[in-house]
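In the working numbering, the protein residues as written are 19 to 391.
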């Protein structure tokens, strides 16, 4: 008998009984008892706290662990606000639904049912907004800093973000149509004819999208490359679904349709393995042959020893031609790919040539003005 009494006391003190006891009583506002209203408000506060924690702590930590780039700093990164609201509405909706199914609260059942439905609807809207914003973080998983193909990965990330945004917008349109009660079957059936009409009207846009895909597959250039296409020259800033942005040497942004890039010859200066340097020197016509030969040999030897020089076997310094009043010496050198090294090496060659010419007793040609009669 004592055991049965003890068991009954244990059952009456279970968490579910305690929760039901807290939510009992007379309704005071909107059909809620004081205890039920307090628990609902507490759940609302906890849901907001869960959303804030996910946005400020959990998401940055996951990005810090999973991302492949050092640009993602988990200490300063925060998720989009829509992600926090999404998680908060989901937690609130599920917790209210659990209480409704597993306890006996004193509240307005119809009002709570609407509240659960609206919370879930807001969760779906927050999910779509968060998905649209999170697409911007794709480059953290695609681009690996320090790898040889980082430029191509950055180009892929650029197009992937554009495709991701477009996909989220398309899905959002169907989801929102379903939420407002639209006939999705009729909508999908109508897309066949509408899609054909849109394809004919937007064939240039479709061509640009396929152009973006071709650029990513063939990789004639990547983000960060310096290119020349027709009369447009500059650095590739972004490869989008429809257009590619190029920043010119005048620091202006040029928008080029992807279809034009695919159908035009593209000269990619960033893919050069070396840079060519070809200064010429003009000496007086009465220069000694031995002095000219000595000049050529000394200049070639000095340039070949330069650490910036490449393709030494293809480098040369030779007397090119005799003109009526001068002798022209032509050169051919190669420097490393850097444009800065090319400019520096070209300057050094000119200064060294001046010094060697003086040592060899050569005089640079000085055009004389004709006398005016």
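Glycine residues also receive a C-beta, built at the ideal position from the N, C-alpha and C atoms.
Could you tell me which uninterrupted beta strand (DSSP E) segments, each at least 3 residues in length, are contained entirely in the region 250 to 330, listed from first to last along the chain?
Listed in chain order, they are 250 to 257, 261 to 265, 271 to 275, 284 to 286, 293 to 295, 298 to 302.
Assuming residue 230 and residue 257 make a contact with CB atoms under 8 Å, what is their CB distance in whole Å?
Indeed they touch by this definition, with Cβ atoms about 6 Å apart.
Restricting to Cα atoms, I'd like to know which of 285, 245, 295 is closest to residue 267.
It is 245 whose Cα lies nearest to the Cα of residue 267.
Give me the Cβ distance between residue 152 and residue 137, rounded to the nearest whole Å; I'm assuming they're in contact under 8 Å.
About 21 Å; that fails the 8 Å criterion.
Should residue 144 go down as buried or exposed, given a rule of 16 or more other Cβ atoms within 10 Å for buried?
Buried, since its Cβ has 16 or more Cβ neighbours within 10 Å.
Mapping DSSP to helix, strand and coil, what is residue 59?
Residue 59: helix per DSSP, three-state reduction.
Using only CA atoms, which one of 247, 122, 176 lies nearest to residue 50?
The option with the nearest alpha carbon to residue 50 is 122.
Do you know offhand how far residue 65's Cα is from residue 181's?
Those two C-alpha atoms are separated by around 32 Å.
By Cβ distance, which residues of its chain are closer than 6 Å to residue 190, with the 5 residues on each side in sequence left out?
The residues are 146.
For residue 348, report the span of its beta strand (DSSP E) as first-last.
Start and end: 344 to 353.
Looking only at C-alpha atoms, which of 366, 333, 298 sits nearest to residue 383?
The shortest Cα separation from residue 383 among 366, 333, 298 belongs to 298.
Which of the three DSSP states is assigned to residue 181 in this structure?
Helix, per DSSP.
Does residue 179 pass the burial test, meaning 16 or more other C-beta atoms within 10 Å, or should it be called exposed?
Buried is the call here.
Who are the near neighbours of residue 92 in its chain, counting only those whose CB is closer than 6 Å to its CB and skipping five residues on each side?
Low local confidence applies: a pLDDT of 49 at residue 92 is under 50, so the model's placement there is unreliable, and no value is given.
Using the Cα positions of residue 310 and residue 327, report the straight-line distance between them to the nearest angstrom.
Straight-line Cα distance between these residues: approximately 23 Å.
Classify residue 119 as buried or exposed, calling it buried when 16 or more other Cβ atoms lie within 10 Å of its own Cβ.
Under this definition residue 119 is an exposed residue.
Any idea what DSSP makes of residue 46, helix, strand or coil?
Of the three classes helix, strand and coil, the one that applies to residue 46 here is coil, per DSSP.
Does the beta-carbon of residue 103 have 16 or more other beta-carbons within 10 angstroms, so that it is buried, or is it exposed?
By the neighbour-count rule (16 or more Cβ atoms within 10 Å), residue 103 is buried.
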